[in-house]
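If you use my numbering, the first sequence corresponds to residues 13 to 373, in order. First comes the structure, then the notes that go with it.
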Amino acid sequence: MSELHPLSRRLLDWYARHARSLPWRETRDPYATWVAEIMLQQTRVDTVIPYYHRWMTRFPTLHTLAESSLQDVLACWEGLGYYSRARSMHRAAGLIIRDHGGTFPSDLHTLLSLPGIGSSSAADILSIAFGQDMAALDGNIKRVIARLYDLPDELDTPAFLRRCRSLLDELLPSGRAGDFNQSLMDLGAGICLPGVPLCDTCPLSENCLARERQSQATRPVTRPRAAIPHVQVTAGVLLQSYNHSQQVLIARRPQSGLLGGMWEFPGGKQEAGESLDASLIRELHEELGVSVEVGRKVGVFKHAYTHFRVTLHAYLCHILSGEPSALAADEIRWVTLPDLSGYPMGKLDRMISEALVKLPD
DNA sequence: GAACCGTGGCT
DNA sequence: TAGCCAAGGTT
Numbered sequence: 013m014s015e016l017h018p019l020s021r022r023l024l025d026w027y028a029r030h031a032r033s034l035p036w037r038e039t040r041d042p043y044a045t046w047v048a049e050i051m052l053q054q055t056r057v058d059t060v061i062p063y064y065h066r067w068m069t070r071f072p073t074l075h076t077l078a079e080s081s082l083q084d085v086l087a088c089w090e091g092l093g094y095y096s097r098a099r100s101m102h103r104a105a106g107l108i109i110r111d112h113g114g115t116f117p118s119d120l121h122t123l124l125s126l127p128g129i130g131s132s133s134a135a136d137i138l139s140i141a142f143g144q145d146m147a148a149l150d151g152n153i154k155r156v157i158a159r160l161y162d163l164p165d166e167l168d169t170p171a172f173l174r175r176c177r178s179l180l181d182e183l184l185p186s187g188r189a190g191d192f193n194q195s196l197m198d199l200g201a202g203i204c205l206p207g208v209p210l211c212d213t214c215p216l217s218e219n220c221l222a223r224e225r226q227s228q229a230t231r232p233v234t235r236p237r238a239a240i241p242h243v244q245v246t247a248g249v250l251l252q253s254y255n256h257s258q259q260v261l262i263a264r265r266p267q268s269g270l271l272g273g274m275w276e277f278p279g280g281k282q283e284a285g286e287s288l289d290a291s292l293i294r295e296l297h298e299e300l301g302v303s304v305e306v307g308r309k310v311g312v313f314k315h316a317y318t319h320f321r322v323t324l325h326a327y328l329c330h331i332l333s334g335e336p337s338a339l340a341a342d343e344i345r346w347v348t349l350p351d352l353s354g355y356p357m358g359k360l361d362r363m364i365s366e367a368l369v370k371l372p373d
C-alpha cells in the first residue's frame with residue numbers, strides 16, 4: 013500500500029470516467045454514508061434508491077432517527093427486507109448519542125461495536141466518509157478478486173478470505189481507498205457480473221487470470237445450496253364491530269427472528285395430516301386463546317423467503333368464545349381497515365391488507 | 001462454521 | 001416453476 017499499483021491506476025482511471033451517479037455519492041456525511049451502506053446490504057442499488065430518498069427526508073439526521081419510534085422506522089423500511097437492519101440502525105443511533113456525544117464514530121473498533129455494522133460496512137464507511145486507508149471486502153469485490161487472480165479456494169473459506177485481504181492490501185492506493193473500494197464495487201455490479209462477465213468492456217481484462225484461462229464462469233468457486241421447503245400457511249382475519257365501523261385484529265411479532273417487530277394477521281404453518289380449517293383454528297387458539305369459526309376465504313398468496321416458500325391461505329374468522337390475548341405476540345390491536353396502512357408489515361400480510369380493503373361486503 | 005434473515009428481478 | 005443472486009451481519 014505504498015506506491016500506486018498499475019492495476020489500481022487502471023481501476024481508478026476507469027472509475028473517474030465510469031463511476032455510477034448515485035444519490036449517496038453526492039455527500040460525505042457519515043450518517044448518509046451509513047444509511048446507504050446498511051440499505052445496500054444484500055440489496056440492489058435500484059431497489060435502494062427510492063428508500064434512501066424517503067429515509068433521508070423522513071430521518072435527515074442521526075438525532076431525528078434516534079428520536080423517532082421504532083414503528084415509524086420500520087414503516088419507512090417496509091418492503092426493503094431484512095428488518096433487523098432497521099432495528100439495528102435505530103438502536104445504533106441511540107448508542108451513538110448516548111455513548112459518543114452524537115458524533116458519528118470514525119474508528120474501526122467503535123464502528124464494529126455498533127449493531128448492524130460488520131467488517132464490510134465499516135471499511136466502506138471509513139474509506140468513503142472519512143478517507144481512511146481501509147480495503148472493503150464485499151460480494152462484488154470477492155468476485156472481482158477471485159477472477160483477477162483465478163482463486164481456486166471455495167468462496168468465504170478462511171483461505172479464500174486470507175488471500176483476498178492480502179491481495180487487496182497490495183493493491184490499495186494510499187489516500188484513495190474510498191474510490192478504490194467503490195470502483196471495485198462498480199466493476200463487480202456492472203461488468204464483472206456473476207453469470208457472464210462483460211470482459212470486452214472491462215478495464216482489467218488484460219490483468220485477469222480467469223479471462224486468460226477462460227475460467228470466469230467457475231470463479232469464485234461456490235457450493236450448491238440445499239433445496240428450500242415449501243410450506244402451507246393459514247392466517248385469520250378476526251372481525252369485530254366498533255361504533256359503526258369494522259375492525260380487524262393484528263399482532264406484533266417478537267423483535268427477534270423473522271419479520272421481527274412487524275405486524276401480521278395471526279396464523280401459522282399447516283401440520284401434516286391437518287386440514288387448513290383445523291390448522292387455523294388450532295393456531296388462533298394457541299396464539300390468542302380464542303375459539304373461532306372459519307368464514308369466507310380472503311385469498312391465496314404466494315411468497316418466497318430466503319429459506320422457504322409459502323402459500324398462505326387467509327380467511328375471515330368469527331370468535332365463538334374467549335377474548336383475544338397476546339399469547340405469542342408482543343402486542344395485539346384492533347384496527348380499522350384504513351388504519352392498516354400505518355402499521356409496518358411484511359409482504360404477505362400487506363397483501364392480505366390490500367385484499368381486505370378491496371373485499372366486497 | 002453454518003443457519004438464519006426479505007424482497008424483487010431475471011433466467 | 002424453481003433457482004439464483006444482490007454494497008452482509010448476527011447467533
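Using N, Cα and C, we set each Cβ at its ideal position, and we do this for glycine too. In this text, all values refer to a predicted model and were calculated from it rather than measured experimentally.
DSSP-derived helix/strand/coil call for residue i
i: glycine 301; result: coil
i: serine 377; result: As shown, the chain starts at 13 and ends at 373. That puts residue 377 outside it, with no answer to give.
i: glutamine 244; result: strand
i: glutamine 194; result: helix
i: phenylalanine 277; result: coil
i: serine 257; result: strand
i: arginine 308; result: strand
i: serine 33; result: coil
i: arginine 231; result: coil
i: valine 322; result: strand
i: methionine 51; result: helix
i: glutamate 65; result: The question names glutamate, but residue 65 in the sequence shown is histidine. Correct three-state label for histidine 65: helix.
i: valine 249; result: strand
i: isoleucine 203; result: coil
i: arginine 264; result: strand
Separation of residue j from residue i, as counted between CA atoms
i: isoleucine 153; j: proline 232; result: 11 Å
i: tryptophan 275; j: leucine 126; result: 26 Å
i: methionine 13; j: glycine 91; result: Any reading at methionine 13 is ruled out, since the residue's pLDDT is 47, under 50, leaving its predicted position unreliable.
i: valine 310; j: alanine 367; result: 7 Å
i: glycine 279; j: aspartate 361; result: 11 Å
i: serine 81; j: alanine 105; result: 12 Å
i: aspartate 198; j: isoleucine 61; result: 15 Å
i: alanine 48; j: cysteine 329; result: 42 Å
i: isoleucine 344; j: lysine 281; result: 20 Å
i: glycine 93; j: glycine 358; result: 8 Å
i: arginine 29; j: aspartate 119; result: 31 Å
i: serine 227; j: aspartate 145; result: 31 Å
i: alanine 239; j: valine 57; result: 27 Å
i: isoleucine 108; j: proline 117; result: 8 Å
i: glutamine 193; j: leucine 221; result: Looking at the sequence shown, residue 193 is not glutamine but asparagine. Each residue's alpha carbon lies about 20 Å from the other.
i: proline 206; j: arginine 22; result: 22 Å
Proximity below 9 Å, CB of residue i to CB of residue j
i: glycine 334; j: valine 306; result: no
i: serine 139; j: glutamine 53; result: no
i: alanine 340; j: glutamate 298; result: yes
i: alanine 87; j: proline 356; result: yes
i: glycine 248; j: glutamate 286; result: no
Burial state of residue i, where buried means 16 or more other Cβ atoms lie within 10 Å
i: glutamine 267; result: exposed
i: arginine 188; result: buried
i: histidine 319; result: exposed
i: asparagine 255; result: exposed
i: valine 369; result: exposed
i: leucine 210; result: exposed
i: histidine 102; result: buried
i: threonine 323; result: exposed
i: glutamate 283; result: exposed
i: threonine 76; result: exposed
i: glutamate 79; result: exposed
i: alanine 229; result: exposed
i: serine 337; result: exposed
i: serine 253; result: exposed
i: alanine 31; result: exposed
i: histidine 65; result: exposed
i: glycine 113; result: exposed
CB-CB length for residue i against residue j, believed under 8 Å
i: leucine 167; j: threonine 234; result: 5 Å
i: arginine 99; j: glycine 273; result: 6 Å
i: leucine 292; j: threonine 246; result: 4 Å
i: leucine 216; j: leucine 160; result: 6 Å
i: aspartate 165; j: arginine 175; result: 7 Å
i: methionine 128; j: isoleucine 50; result: One detail in the question is off: residue 128 reads as glycine in this sequence, not methionine. Indeed, because the Cβ distance is near 6 Å, the residues count as touching under 8 Å.
i: glutamine 259; j: threonine 348; result: 6 Å
i: tyrosine 27; j: serine 186; result: Rounded, the Cβ-Cβ distance is 16 Å, inconsistent with contact.
Residue i CB to nearest heavy atom of the ligand ADP below 8 Å
i: leucine 324; result: Ligands are entirely absent from the displayed structure, and the ligand ADP is therefore not among its contents.
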